[in-house]
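Residue numbers (the working numbering): 350 to 512.
Glycine included, each C-beta is placed from N, C-alpha and C at the ideal position.
Here the structure is a predicted model, which means the values were calculated and not measured.
Note sheet for the following structure.
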(Lines of atoms letter the chains of each structure in order from A and count residues from 1; the text may use other names and numbers.)
(Lines give C-alpha, C1' and ligand atoms only; values in the text may rest on other atoms or scores of the structure.)
Protein backbone atom coordinates (compact mmCIF):
# COMPACT_ATOMS: atom_id res chain seq x y z
CA UNK A 1 0.00 0.00 0.00
CA UNK A 2 1.29 3.45 -0.88
CA UNK A 3 2.24 5.72 1.98
CA UNK A 4 -0.33 8.55 1.72
CA UNK A 5 2.26 11.12 2.80
CA UNK A 6 5.19 10.15 0.58
CA UNK A 7 3.44 8.24 -2.22
CA UNK A 8 6.09 5.52 -1.95
CA UNK A 9 5.10 1.85 -1.68
CA UNK A 10 7.48 0.18 0.77
CA UNK A 11 8.13 -3.53 0.76
CA UNK A 12 5.72 -5.44 2.99
CA UNK A 13 5.37 -8.95 4.39
CA UNK A 14 3.13 -9.81 1.44
CA UNK A 15 6.04 -9.17 -0.97
CA UNK A 16 8.12 -11.82 0.77
CA UNK A 17 5.51 -14.55 1.29
CA UNK A 18 6.56 -16.74 -1.64
CA UNK A 19 10.26 -16.06 -1.06
CA UNK A 20 9.96 -17.04 2.60
CA UNK A 21 8.18 -20.25 1.61
CA UNK A 22 10.86 -21.40 -0.84
CA UNK A 23 13.88 -20.09 0.99
CA UNK A 24 13.62 -21.51 4.48
CA UNK A 25 16.93 -21.49 6.32
CA UNK A 26 16.19 -24.98 7.65
CA UNK A 27 17.98 -26.41 4.63
CA UNK A 28 21.06 -24.33 5.35
CA UNK A 29 21.85 -25.57 8.84
CA UNK A 30 22.46 -29.27 8.46
CA UNK A 31 25.42 -31.62 7.96
CA UNK A 32 25.95 -31.63 4.19
CA UNK A 33 27.29 -35.03 3.19
CA UNK A 34 27.74 -34.70 -0.55
CA UNK A 35 28.49 -32.32 -3.36
CA UNK A 36 24.95 -32.97 -4.61
CA UNK A 37 23.44 -31.53 -1.43
CA UNK A 38 25.64 -28.45 -1.81
CA UNK A 39 24.65 -28.14 -5.47
CA UNK A 40 21.01 -28.16 -4.38
CA UNK A 41 21.71 -25.43 -1.82
CA UNK A 42 23.45 -23.35 -4.49
CA UNK A 43 20.59 -23.89 -6.95
CA UNK A 44 17.99 -22.93 -4.35
CA UNK A 45 19.87 -19.76 -3.38
CA UNK A 46 20.20 -18.80 -7.06
CA UNK A 47 16.50 -19.42 -7.55
CA UNK A 48 15.56 -17.19 -4.62
CA UNK A 49 17.95 -14.51 -5.88
CA UNK A 50 16.22 -14.62 -9.27
CA UNK A 51 12.83 -14.46 -7.56
CA UNK A 52 13.89 -11.19 -5.94
CA UNK A 53 14.21 -9.48 -9.33
CA UNK A 54 10.50 -8.50 -9.49
CA UNK A 55 10.82 -6.94 -6.03
CA UNK A 56 13.77 -4.92 -7.25
CA UNK A 57 11.84 -3.76 -10.32
CA UNK A 58 8.88 -2.78 -8.16
CA UNK A 59 11.11 -0.76 -5.85
CA UNK A 60 12.65 1.06 -8.80
CA UNK A 61 9.26 1.83 -10.33
CA UNK A 62 7.88 3.00 -7.00
CA UNK A 63 10.92 5.23 -6.45
CA UNK A 64 10.36 6.90 -9.83
CA UNK A 65 7.03 8.35 -8.75
CA UNK A 66 6.32 11.79 -7.42
CA UNK A 67 7.84 13.35 -5.31
CA UNK A 68 11.15 11.51 -5.85
CA UNK A 69 11.07 11.80 -9.65
CA UNK A 70 11.39 15.58 -9.22
CA UNK A 71 14.78 15.21 -7.54
CA UNK A 72 18.16 15.16 -9.32
CA UNK A 73 18.68 11.56 -8.25
CA UNK A 74 18.38 8.21 -10.04
CA UNK A 75 17.48 4.93 -8.32
CA UNK A 76 18.90 2.18 -10.48
CA UNK A 77 20.28 -1.34 -10.76
CA UNK A 78 23.97 -1.86 -10.18
CA UNK A 79 25.10 -5.26 -11.47
CA UNK A 80 27.92 -6.92 -9.53
CA UNK A 81 30.60 -9.28 -10.89
CA UNK A 82 28.98 -12.06 -8.83
CA UNK A 83 25.90 -11.97 -11.05
CA UNK A 84 23.75 -10.31 -8.39
CA UNK A 85 22.01 -7.01 -8.99
CA UNK A 86 22.00 -4.38 -6.29
CA UNK A 87 20.03 -1.17 -5.92
CA UNK A 88 22.10 2.00 -6.27
CA UNK A 89 21.65 5.75 -6.12
CA UNK A 90 23.22 7.95 -8.81
CA UNK A 91 22.99 11.67 -9.22
CA UNK A 92 21.81 12.96 -12.60
CA UNK A 93 25.28 14.20 -13.52
CA UNK A 94 26.41 10.59 -13.00
CA UNK A 95 29.46 11.71 -11.05
CA UNK A 96 28.32 10.63 -7.59
CA UNK A 97 26.86 7.35 -6.55
CA UNK A 98 25.72 5.66 -3.39
CA UNK A 99 25.58 7.49 -0.12
CA UNK A 100 27.10 10.78 -1.36
CA UNK A 101 24.38 11.16 -4.00
CA UNK A 102 21.66 10.29 -1.51
CA UNK A 103 22.99 12.21 1.51
CA UNK A 104 23.26 15.53 -0.32
CA UNK A 105 19.51 15.50 -0.90
CA UNK A 106 18.12 13.94 2.25
CA UNK A 107 19.86 16.55 4.38
CA UNK A 108 18.97 19.51 2.16
CA UNK A 109 16.35 21.71 3.87
CA UNK A 110 15.37 23.11 0.45
CA UNK A 111 14.01 19.69 -0.53
CA UNK A 112 10.34 19.32 0.48
CA UNK A 113 9.78 17.24 3.61
CA UNK A 114 7.54 14.82 1.70
CA UNK A 115 10.38 14.06 -0.73
CA UNK A 116 12.89 13.59 2.08
CA UNK A 117 10.47 11.25 3.88
CA UNK A 118 10.10 9.21 0.67
CA UNK A 119 13.89 9.10 0.25
CA UNK A 120 14.25 7.69 3.75
CA UNK A 121 11.65 4.97 3.08
CA UNK A 122 13.34 4.06 -0.20
CA UNK A 123 16.77 4.00 1.42
CA UNK A 124 15.55 1.65 4.15
CA UNK A 125 14.17 -0.75 1.53
CA UNK A 126 17.38 -0.44 -0.53
CA UNK A 127 19.58 -1.28 2.46
CA UNK A 128 17.52 -4.35 3.39
CA UNK A 129 17.16 -5.54 -0.21
CA UNK A 130 20.92 -5.24 -0.82
CA UNK A 131 21.69 -7.05 2.43
CA UNK A 132 19.43 -9.92 1.37
CA UNK A 133 21.07 -10.08 -2.06
CA UNK A 134 24.49 -10.08 -0.38
CA UNK A 135 23.54 -12.95 1.92
CA UNK A 136 22.20 -15.02 -0.99
CA UNK A 137 25.30 -14.28 -3.06
CA UNK A 138 27.52 -15.30 -0.14
CA UNK A 139 25.62 -18.58 0.29
CA UNK A 140 25.96 -19.29 -3.45
CA UNK A 141 29.71 -18.63 -3.36
CA UNK A 142 30.24 -20.69 -0.21
CA UNK A 143 28.20 -23.62 -1.55
CA UNK A 144 30.24 -23.58 -4.78
CA UNK A 145 33.56 -23.39 -2.90
CA UNK A 146 32.53 -26.22 -0.57
CA UNK A 147 31.61 -28.37 -3.58
CA UNK A 148 35.11 -27.82 -4.96
CA UNK A 149 36.74 -28.64 -1.61
CA UNK A 150 34.65 -31.82 -1.25
CA UNK A 151 35.63 -32.80 -4.77
CA UNK A 152 39.31 -32.28 -3.96
CA UNK A 153 38.99 -34.29 -0.74
CA UNK A 154 37.26 -37.13 -2.60
CA UNK A 155 40.01 -37.15 -5.27
CA UNK A 156 42.67 -37.35 -2.57
CA UNK A 157 40.79 -40.17 -0.92
CA UNK A 158 40.39 -42.04 -4.23
CA UNK A 159 44.09 -41.60 -4.93
CA UNK A 160 44.97 -43.23 -1.59
CA UNK A 161 42.48 -46.05 -2.20
CA UNK A 162 44.01 -46.87 -5.58
CA UNK A 163 47.62 -47.00 -4.36
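First through last residue of the alpha helix (DSSP H) which encompasses residue i
i, result
"residue 479", "462–511"
"residue 451", "448–455"
"residue 385", "384–400"
Nearest residue (CA-CA) to residue i, options the options
i, options, result
"residue 377", "364, 391, 367 and 365", "391"
"residue 451", "471, 462, 461 and 433", "471"
"residue 393", "414, 360, 489 and 437", "489"
"residue 485", "474, 359, 434 and 496", "434"
"residue 446", "427, 499, 509 and 358", "427"
"residue 463", "386, 419 and 400", "419"
"residue 430", "366, 384 and 487", "487"
"residue 455", "482, 422, 383 and 491", "422"
"residue 496", "511, 381, 439 and 408", "381"
"residue 474", "367, 409 and 383", "409"
"residue 477", "465, 386 and 436", "436"
"residue 482", "508, 439, 395 and 407", "395"
"residue 386", "499, 508 and 510", "499"
"residue 479", "417, 413, 438 and 352", "438"
"residue 367", "399, 432 and 453", "399"
"residue 383", "492, 509, 510 and 508", "492"
Residue burial classification, residue i (beta-carbon count within 10 angstroms, cutoff 16)
i, result
"residue 354", "exposed"
"residue 397", "buried"
"residue 505", "exposed"
"residue 411", "buried"
"residue 401", "buried"
"residue 357", "buried"
"residue 361", "exposed"
"residue 502", "exposed"
Which of helix, strand or coil DSSP assigns to residue i
i, result
"residue 435", "strand"
"residue 423", "strand"
"residue 428", "strand"
Minimum Cβ-Cβ distance from residue i to chain D less than 8 Å
i, result
"residue 397", "Annotation note: the requested chain D is absent from the structure, which comprises a single protein chain."
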